[in-house]
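Trainee:
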Amino acid sequence: MADEYFFALTLKGKNTNEVWDPEAKGAGAEDYQGGHKLIIKQALLGPGATEGEVNVIQVEAMTWKDSVKIPIATLKAGGANNQVLLDLSFPDPPVTFTLIQGSGPVHIVGHHLIGGPIEEFDEMDEMEEEMIEDDEGEEGAIPQTRTDLVAGAVGRE
12 MADEYFFALT LKGKNTNEVW DPEAKGAGAE DYQGGHKLII KQALLGPGAT
62 EGEVNVIQVE AMTWKDSVKI PIATLKAGGA NNQVLLDLSF PDPPVTFTLI
112 QGSGPVHIVG HHLIGGPIEE FDEMDEMEEE MIEDDEGEEG AIPQTRTDLV
162 AGAVGRE
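Quick note: the sequence shown, position 126, residue 137 per my numbering, numbers continuous.
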């Protein structure tokens, strides 16, 4: 089972660039089946944002074949565009968030998912194998093939 954690970062002033790379920070993806995944749900301006200033957030991440840089949100303080709901999934670190226009503060929030430990998946596989063996050994088990169905019908006569 994957573990889920709250994720948040703030881009403002001189801190206009933030890299999400849990593997580089020693989180040890090699110990987890499925590794790390980041899901971004919202970007919003903080209360200190300059009225009327446009803030643009760019993300750099891997696609299936190469790296891409693309704006994901344009926010403006003092109006209806001071926040945006997102549903972005980044299955592969690193992911770089950059405030390419404006001074923020821009808050980005979401979920950091970590796959279950490899041992947990091994235990689940063993449990499934035991359940299958138990089902096969039980009398009155449901026949699985046509031959089993015919043999079962003959045995009941």
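No residue lacks a Cβ here, since even glycine has one placed at the ideal position from N, Cα and C.
Would you tell me roughly how many angstroms separate the C-alpha atoms of F17 and E144, rounded to the nearest one?
Mentor: Position 6 of the sequence shown, counted from the first residue, corresponds to residue 17. Position 133 of the sequence shown, counted from the first residue, corresponds to residue 144. Approximately 40 angstroms between the Cα atoms of the pair.
Trainee: In whole angstroms, what is the alpha-carbon distance linking G59 and A91?
Mentor: The count along the sequence shown starts at 1 and reaches residue 59 at position 48. The count along the sequence shown starts at 1 and reaches residue 91 at position 80. Cα to Cα, the separation comes out at about 16 angstroms.
Trainee: Which of the three DSSP states, helix, strand or coil, is assigned to D146?
Mentor: Taking the sequence shown and counting its residues from 1, the one referred to as residue 146 is at position 135. Secondary structure at D146: helix, using DSSP grouped into helix, strand and coil.
Trainee: Are the beta-carbon atoms belonging to K76 and L124 less than 8 angstroms from one another?
Mentor: By 1-based counting over the sequence shown, the position of residue 76 is 65. By 1-based counting over the sequence shown, the position of residue 124 is 113. Result no, Cβ atoms of K76 and L124 do not sit closer than 8 angstroms.
Trainee: Within its chain, find whatever has a CB closer than 7 angstroms to the CB of I81; leave out the 5 residues flanking it on each side and keep chain order.
Mentor: By 1-based counting over the sequence shown, the position of residue 81 is 70. Taking C-beta separations shorter than 7 angstroms and ignoring five residues to either side along the sequence, the partners of I81 in its chain run Q69, V70, following chain order.
Trainee: Considering G121, what are the terminal residues of the beta strand (DSSP E) in which it resides?
Mentor: The count along the sequence shown starts at 1 and reaches residue 121 at position 110. In the DSSP assignment, G121 falls within the beta strand (DSSP E) that extends over 117 to 125.
Trainee: Just grab the DSSP bridge partners of W75 for me.
Mentor: Here residue 75 is taken as the residue at index 64 of the sequence shown, counted from 1. In the DSSP output, where bridge partners are listed per residue, W75 has none listed.
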